[in-house]
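Enquirer: Heads up, the sequence shown is in my numbering, so the first residue is 507 and it goes up one at a time.
The beta-carbon is built from N, C-alpha and C at its ideal position, and this holds for glycine as well.
First the structure, then my questions, so here it is.
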Amino acid sequence: MSTDKKLGTKIIHFGGEIDKTTGASSVPIYQASTFHHFSLDNPPEFDYSRSGNPTRQALEDYIALLEGGARGFAFASGMAAISSAFFLLSSGDHVICTEDVYGGTYRLLTAILTRMNIETTFVDMTDPEKVKAALKPNTKAVFLETPSNPTLKITDISVICAWAKENGLLTMLDNSFMTPYHQRPIEQGVDIVLHSATKFLSGHSDVLAGLAVVANESLGRRMKQIQNGLGNVLGPQDSWLLMRGMKTLKVRMEGSEQNARRLAEWLDSHPAVEAVYYPGLPGHPGREIHEKQSSGYGAVVSFDVNGGERARKLLSEVKIPLVAVSLGAVESILSYPAMMSHAAMSREVRLERGITDGLVRYSVGLEDIDDIIADLDAALSHLQG
């Protein structure tokens with residue numbers, strides 16, 4: 507398809523939206539584990555679904571197109587995608603990572619990869635000098651998450667990637683919060699873009715999936731070997747369901763962001779709220795950098811209600827959002843990082859990263875914003891006095 511189309515059009519017309527054999531209006535679900543070899547001299551494109559499946563391939567081509575990368579890969583979860591990317595490293599290697607990274611990534615780096623002799627230094631990536639200071643002779647990769655989860659700190663992608671390339675380092679970036687609709691890291695110099703596609707890409711709280719996109723064919727060959735070797739692939743049913751969800755990415759991201767901006771502004775002046783974290787607020791320290799590298803602010807707003815007991819009270823009083831792990835759905839989801847997404851971090855480590863006991867994370871959905879605010883206002887009123 508023509509590359510001059512805008513992203514909103516590519517989301518719908520991605521090249522696999524019509525079945526070339528029948529003209530069907532969606533990619534067929536190839537519910538098959540293996541494929542017939544009509545000729546041993548000319549092996550088929552697909553032979554075994556762990557190695558490749560036509561439905562999964564359509565999804566992988568889809569995300570590669572949206573991210574502007576060479577090849578895409580679909581995995582059983584976001585952590586399966588991230589883990590597979592780290593399998594590009596070897597024993598003895600060192601990683602520099604965003605300090606307030608998602609708790610599952612932190613657990614992988616500190617509890618699993620350490621057993622394989624891969625070490626990690628966590629740094630505040632809002633300061634490029636701290637990233638540079640963490641360089642060691644055995645450093646092989648830099649892992650970025652911007653906006654970070656859950657404090658929404660901003661890393662200058664192009665600055666870090668330029669420095670990484672000068673030092674021969676692999677760069678990986680978790681783009682789950684922004685999606686390619688708002689942020690395209692490969693254009694900023696990132697080597698591997700990763701997604702928990704469970705979140706905004708799927709958008710309906712009904713799929714568990716992960717995606718990776720690599721910037722060049724060389725990385726693609728290496729990533730394919732890892733995907734095939736580990737076998738942690740996404741099945742055809744979930745691949746199809748994810749593609750269906752992705753077709754509405756533009757309108758969902760725009761609607762949720764519009765709601766999130768209003769909610770962040772309202773929270774910023776609420777007396778029961780100690781601090782609000784959202785890159786669209788005028789006072790956010792990373793707003794200028796974020797606007798340089800992203801086309802939107804996203805739909806996640808974190809805020810601190812000053813204490814764990816107050817946070818628990820808030821979670822028990824809200825009526826509209828799901829109180830749950832995860833984010834990025836059509837329905838609003840209110841999470842408590844200290845006991846949910848970042849439970850793998852010790853309290854001491856969490857506090858060092860600004861993840862306080864009073865911090866909650868609101869993934870703003872597509873409900874009417876006036877109802878969202880009224881519900882939260884009523885819940886917050888129980889914290890005052």
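#1: Determine the extent of the alpha helix (DSSP H) in which residue 561 is found, giving its start and end residues.
#2: How would you call residue 569, buried or exposed, if buried means at least 16 neighbouring beta carbons within 10 angstroms?
#3: How is the beta strand (DSSP E) around residue 688 delimited, first residue to last?
#4: In this structure, does DSSP put residue 867 in helix, strand or coil?
#5: Exposed or buried, what is residue 598 when buried is set at 16 or more other beta-carbons lying within 10 Å of its beta-carbon?
#6: On a Cα-Cα basis, can you pick out the residue from 882, 782 and 532 that is closest to residue 565?
#7: Residue 677 and residue 665 - do their beta-carbons sit closer together than 8 Å?
#8: Cβ of residue 705 within 8 Å of Cβ of residue 833?
#9: Which of helix, strand or coil does DSSP assign to residue 761?
#10: Based on Cα-Cα distance, which residue from 609, 607, 595 and 790 lies nearest to residue 646?
#11: DSSP state of residue 781, grouped into three classes?
#12: What first and last residue would you give for the alpha helix (DSSP H) that runs through residue 883?
#13: Would you tell me roughly how many angstroms separate the C-alpha atoms of residue 508 and residue 519, rounded to the nearest one?
#14: Which stretch, first to last residue, makes up the beta strand (DSSP E) that contains residue 808?
#15: For a test of the three-state rule: what should DSSP assign to residue 638, helix, strand or coil?
#16: For a quick check, are the C-beta atoms of residue 655 and residue 628 less than 8 Å apart?
#17: Excluding sequence positions up to five away, which residues of its chain have a Cβ less than 7 Å from the Cβ of residue 694?
#18: According to DSSP, which residues form a beta bridge with residue 602?
#19: Using the rule of at least 16 other Cβ atoms within 10 Å of the residue's Cβ for burial, across every protein chain shown, is residue 524 buried or exposed?
#20: Compute the Euclidean distance between the alpha carbons of residue 630 and residue 546, then round it to the nearest angstrom.
#21: Report the rounded CA-to-CA distance for residue 890 versus residue 825, giving the unit in angstroms.
#22: Using the beta-carbon count (16 or more within 10 Å), is residue 757 buried or exposed?
#23: If we count the other Cβ atoms within 10 Å of its Cβ and call it buried at 16 or more, is residue 527 buried or exposed?
#24: Could you check the C-alpha separation between residue 542 and residue 561 for me, to the nearest Å?
#25: What residues in its chain sit with their C-beta under 7 Å from that of residue 573, if we drop five residues either side in the sequence?
#26: Which residues in the same chain as residue 553 place their Cβ atom closer than 6 Å to its Cβ, once the five residues preceding and following it in sequence are excluded?
#27: Take residue 559 and list the residues in its own chain whose beta-carbon comes closer than 7 Å to its own, dropping the five residues that flank it on each side.
#28: Taking the C-alpha atoms as reference points, what is the distance between residue 759 and residue 529?
#29: Assign residue 810 to one of two classes, buried (16 or more other C-beta atoms within 10 Å of its C-beta) or exposed (fewer than that).
Expert: If we stick to the structure as given:
#1: 560 to 573
#2: buried
#3: Counting along the chain, residue 688 falls outside any beta strand (DSSP E), though it belongs to the alpha helix (DSSP H) covering 685 to 688.
#4: strand
#5: exposed
#6: 532
#7: no
#8: yes
#9: helix
#10: 595
#11: strand
#12: 875 to 887
#13: Because the pLDDT at residue 508 is just 45, under 50, the model does not fix this residue reliably, and the value given afterwards should be weighed accordingly. Cα-Cα distance, rounded: 10 Å.
#14: 806 to 810
#15: helix
#16: no
#17: 663, 664, 667 and 799
#18: 627 and 648
#19: exposed
#20: 55 Å
#21: 18 Å
#22: exposed
#23: exposed
#24: 17 Å
#25: 686, 690, 692, 699 and 719
#26: 541
#27: 536, 552 and 742
#28: 29 Å
#29: buried
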